Amino acid sequence: MSSKNISYIQAITDTMWSEMEIDETVFVLGQDCGRYGGVFKATAWRSGEDSKPDLSKKMYDEFGPLRVLDAPLAENAIIGGAIGAALSGYRPIAEIQFMDFIDCAMGHIVNQAGTISFKTNGSWCCPITIRTPYGGGIGGGMTHSQSNEAWFCHAGGLVVTAPSTPRDAAGLLRSCIRADDPCVYIEHKGLYRAITGDVPDDPNFTIELGKGKIVREGSDLTLISYGAMLHKCLSVAEKLESEGASVEVIDPRTLWPMDEDLMINSACKTGRCVVVAESHAAYGFTSEVAARVQEGAFWNLLTPIRTIAGPDTPFPFEPGMEAAYLPSDDEIYNSCKRALGDG
Amino acid sequence: MNSKKTNRKQKKSFGVDQKTAFEVLYHPLLKARLLDERMVKLFNQGRFGGTYFSGCGQEATNVGAGVHMVEGDILAPSHRQLGAMVARGITAKRVLAQVYSTAESPDGAQQHPCHFGDPELDIVSPTGHVAIQVVLAAGSAYAYLLDAYRKGDVKINWDKDGIVWAGNWTLKKGSSLNCAFAFFGDGATAKGDFHESMNFAGIHKLPVIYMAENNIWAESVHVTENVPVERLSDRAAAYGMPGVTVDGQNVFEVYHAVQEAVERARSGGGPTLVECLTYRYHGHSMIDPADYRTDEEVEKWKKRDPLIVFEQVAKEDGIWSDKLAKKIEDKINDEIEKAIDWVEDESTKPKPDQFIDVTFRDPKFNDAIRKRWEKRKNV
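Going down the list, the sequences are from chains A and B.
Residues in the first sequence are numbered from 0 upward in steps of one, following numbering that gives the first Met the number 0.
Residues in the second sequence are numbered from 0 upward in steps of one, following numbering that gives the first Met the number 0.
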């Protein structure tokens, strides 16, 4: 099967487009999704032969205004509406323009979508996909930069995925759309046009939900992260390699349910583990992974598990403060060095 | 609008013949009442746990709407919709299986006694959020619009510049849409969810029947403390849809008002807000002594009980029959007694760990939760 070298956001658009062609119960709704093509242009143009956006036609023109719906500025209507449509036979893809706005619809996501199967004893399911951009590093300030994924992992009943590459963006999104469980699919907005990669053309290309990936093999230390931070971790791993340390890098891909065995087994092998995320430390991804790896790999660990996370504050705007907020390459590098120095 | 059927001056119970009146309306009205009163008693005797939300007093509102539902229509209830469910066809056995939290309950006993639905009848199990289901109904209604669109039955009428279209579509002659029925109380209309749902449905002319049960009290808060306008139906104007207020104790009046709304919705005319003036006899739940209201108020409403009003109207119109009423009552009592015997003697308890296996559809996710839960015993 051939593949295309496309950007992270292009992989998202192409996958939605292809799924809407295959399955007419798939439709998109969100603020500015229709004639504008989305604020980030995720619902605008699919890629042409040259892998660049084919500007001749938007998703809105191809599928019509009912299947690419310009929803009112109302998160409850978007998510609650998607849930109702899902119960009546559809597979809606709801876009929340920024993850920072998703809190407006928490009741619908947590207590409705996440409980449909549970409260009907498995008779009904809620096959919705909620796409939303998250993450900092783009000068978005307090309410355009947050990483609130832990809220949904904590809810019980939701699948939460966070692709880090164009290939994963495509494979995971297709799996989310086709899944019968409600999925929160978070897109790191800093990666949208910053990275490109090969994505299979196969209209049935999927990546299994709940499965992480060893993106770089190593034997001395396990480095776990996702999103923009994963790319920082990979460059730190390269640097350490040049200094003689072999670092294994793991991308969980699905944040919940979590592929804990993959991480535990790796930590057992290397004896050292550093977990990195830009989301809050308190009750967050890094704490959860550290707890599970500690439980599963304790007797094989040579050094305490280290976690690097966003400080438990709102997200600052001013560039210097934003840089201070986000974990840096140096912080990740130094933490790995300390771990490698122990034991 | 069909003026014939809504002409209230017409004789014979607003145009309903005896057979329809008794079979379609009286039967579910009485069944909801008898079943409800019985469950109040059973709860007070400690025969089932949790709590119970009685809908006694609100049956006409529920039945008058519920009987208009057809296959494929979704019912998004709040917690006092026994009447609508009975009108839709839920059996006493399934209701009792639910309140007794048995394995046979429609939701497998995962929810508490009065938060329940029935997937077989497209009744959505509600949550404790009193307006969330109102939004869900608009979403289902959007799905019904898409159903017709996919069949080629919806024509979009763009404006002259070809830019906007919202709500401007026409349904092919002869085509009919499913309807979503949302039930909610006066208190829920204070919530943002209510606004977002009505706004969305109003914009796109979605086939939703908004059944606002104004029973004066949102738990202990008076309607004037939740709503700044005199009539809940006044709210409809803000969403570009018709709003009507009807006597919620008169099943014939509700029946006709909802029929008009349903005909409009199914033919592509959009949503309607139907405010029903009604009353609940018991407290909000069984733990509520309802000491915030006067006995006089309760007695005043009981004089206009849905069953009394039914009999009055039917007598005025010359279609009342003691014999028919008795026959229906006997049949209902028989069904209820048999269902109670069954639920107390033959129903089964759910497995305590059943909930784990249905949290996700993908079994491997449930297995992972199970693994951790089982490990808990040996930590």
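Virtual Cβ for every residue (Gly too), placed ideally from N, Cα, C.
All values reported here derive from a predicted model rather than from experimental measurement.
Enumerated in chain order, which unbroken segments of the alpha helix (DSSP H) with a length of 4 residues or greater are wholly contained in the stretch 307-343 of chain B?
Here no run is fully enclosed.
Please look up how many angstroms separate the CB atoms of A/Thr253 and A/Leu208, rounded, as I've assumed it's under 8 angstroms.
Contact holds; Cβ gap of about 5 angstroms.
Is there a Cβ of chain B sitting closer than 8 angstroms to that of A/Tyr89, yes or no?
Closer than 8 angstroms: yes.
Residue from A/Met58, A/Thr195, A/Lys57, A/Val248 with nearest C-alpha to A/Tyr7
Here the closest residue by C-alpha is A/Thr195.
Tell me the DSSP secondary structure of A/Ile48 in three-state form.
The question names Ile, but residue 48 of chain A is Glu in the sequence shown. The answer is coil: DSSP assigns A/Glu48 none of H, G, I, E or B.
Short Cβ contact (8 angstroms threshold) for B/His78 with B/His114
Contact: yes.
With distances taken from CA atoms, which of A/Lys51, A/Met19, A/His107, A/Glu242 is nearest A/Glu61?
Closest by C-alpha distance to A/Glu61, out of A/Lys51, A/Met19, A/His107, A/Glu242, is A/Met19.
What number of angstroms, rounded off, separates the C-alpha of A/Gly79 from the C-alpha of B/Asn332?
Annotation: A/Gly79 to B/Asn332 spans about 39 angstroms, alpha carbon to alpha carbon.
Could you give the DSSP three-state label for A/Ala10: helix, strand or coil?
Shown here, A/Ala10 sits in a helix according to DSSP, grouped into three states.
Within 10 angstroms of its Cβ, does A/Leu54 collect 16 or more other Cβ (buried), or is it exposed?
By the C-beta density criterion, A/Leu54 is exposed, having fewer than 16 other C-beta atoms within 10 angstroms.
Could you tell me the alpha carbon to alpha carbon distance between A/Lys345 and A/Glu186, rounded to whole angstroms?
With chain A covering 0 to 342 only, the question about residue 345 of chain A has no answer from this structure.
Using the Cα positions of B/Ser2 and B/His255, report the straight-line distance between them to the nearest angstrom.
Low local confidence applies: a pLDDT of 37 at B/Ser2 is under 50, so the model's placement there is unreliable, with the coordinate-based value given in what follows. Rounded to whole angstroms, the gap between the alpha carbons of B/Ser2 and B/His255 is 10 angstroms.
Am I right that B/Asn213 and B/Cys275 are in contact with their C-beta atoms under 8 angstroms? What's the rounded C-beta distance?
Taking 8 angstroms as the upper bound for CB-CB distance, B/Asn213 and B/Cys275 are in contact here, some 7 angstroms apart.
Does chain A have any CB closer than 8 angstroms to the CB of B/Trp164?
B/Trp164 counts as touching chain A.
Residue-level contact to chain B via CB, A/Asn264, 8 angstroms cutoff
Interface criterion not met: the Cβ of A/Asn264 is under 8 angstroms from no Cβ in chain B.
Provide the residue(s) that pair with A/Asp250 in DSSP beta bridges, ordered along the chain.
A/Asp250 has A/Lys212 as its beta-bridge partners, per DSSP.
Over what stretch of residues does the beta strand (DSSP E) that includes A/Cys272 continue unbroken?
In the DSSP assignment, A/Cys272 falls within the unbroken beta strand (DSSP E) covering 272-279.
Straight-line gap, A/Ser13 to B/Val250 (C-alpha atoms, nearest Å):
According to the sequence displayed, residue 13 of chain A carries Asp and not Ser. Each residue's Cα considered, the two are about 53 angstroms apart.
I believe A/Cys124 touches A/Asp179 by the beta-carbon criterion, under 8 angstroms. Please report the beta-carbon distance rounded to the nearest angstrom.
Cβ-Cβ separation between A/Cys124 and A/Asp179: approximately 4 angstroms, consistent with a contact (criterion under 8 angstroms).
Residue of A/Val273, A/Thr128, A/Ser146 minimising C-alpha distance to A/Val246
Of the candidates A/Val273, A/Thr128, A/Ser146, the one whose C-alpha sits nearest the C-alpha of A/Val246 is A/Val273.
Among residues of its own chain, excluding the 5 on either side of B/Lys4, which ones have a beta-carbon nearer than 7 angstroms to its beta-carbon?
Reliability fails at B/Lys4, whose pLDDT of 40 lies under 50, so the model's placement of it is uncertain and no value is given.
Which chain B residues are close to A/Phe26, counting only those with a beta carbon under 8 angstroms from its beta carbon?
The contacting residues are Leu145.
At 3 residues or longer, what runs of the beta strand (DSSP E) sit wholly inside the stretch 23-94 of chain A?
25-29, 67-69, 90-94, all fully within the stretch 23-94 of chain A.
Which residue's Cα is closest to the Cα of B/Ala137: B/Phe182, B/Pro118, B/Ser104, B/Lys150?
Selected option, being the one with the closest Cα: B/Phe182.
Assess, as a yes-or-no matter, whether the stretch 171-186 of chain B is touched by the stretch 260-269 of chain B under the definition of 3 or more beta carbon pairs within less than 8 angstroms.
Three or more Cβ pairs drawn from the stretch 260-269 of chain B and the stretch 171-186 of chain B lie within less than 8 angstroms of each other, which places the two stretches in contact.
List the endpoints of the continuous beta strand (DSSP E) containing B/Asn213.
For B/Asn213, the enclosing beta strand (DSSP E) has its first and last residue at 207-213.
Between the stretch 85-94 of chain A and the stretch 141-151 of chain B, can you find at least three pairs of beta-carbon atoms closer than 8 angstroms?
Contact holds: three or more Cβ-Cβ distances are below 8 angstroms.
Count the C-beta pairs between the stretch 277-289 of chain B and the stretch 42-60 of chain B that are closer than 8 angstroms, then say yes if the count reaches three, no if not.
Yes: the two stretches touch, three or more of their Cβ pairs being nearer than 8 angstroms.
Please state if the CB of A/Ser144 and the CB of A/Phe314 are separated by a distance shorter than 8 angstroms.
Yes, Cβ-Cβ distance for A/Phe314 and A/Ser144 is below 8 angstroms.
Would you verify that the beta carbon of A/Tyr332 is, or is not, closer than 8 angstroms to some beta carbon of chain B?
Output row for A/Tyr332: interface = no.
In terms of residue numbering, what span does the alpha helix (DSSP H) encompassing B/Gln182 cover?
The question names Gln, yet the displayed sequence has Phe at residue 182 of chain B. Where B/Phe182 is concerned, there is no enclosing alpha helix (DSSP H), although the beta strand (DSSP E) it sits in stretches over 179-184.
Please list, in chain order, the residues of the stretch 167-191 of chain A that have any C-beta partner in chain B closer than 8 angstroms.
The stretch 167-191 of chain A vs chain B, Cβ under 8 angstroms: Ala178, Asp179, Asp180.
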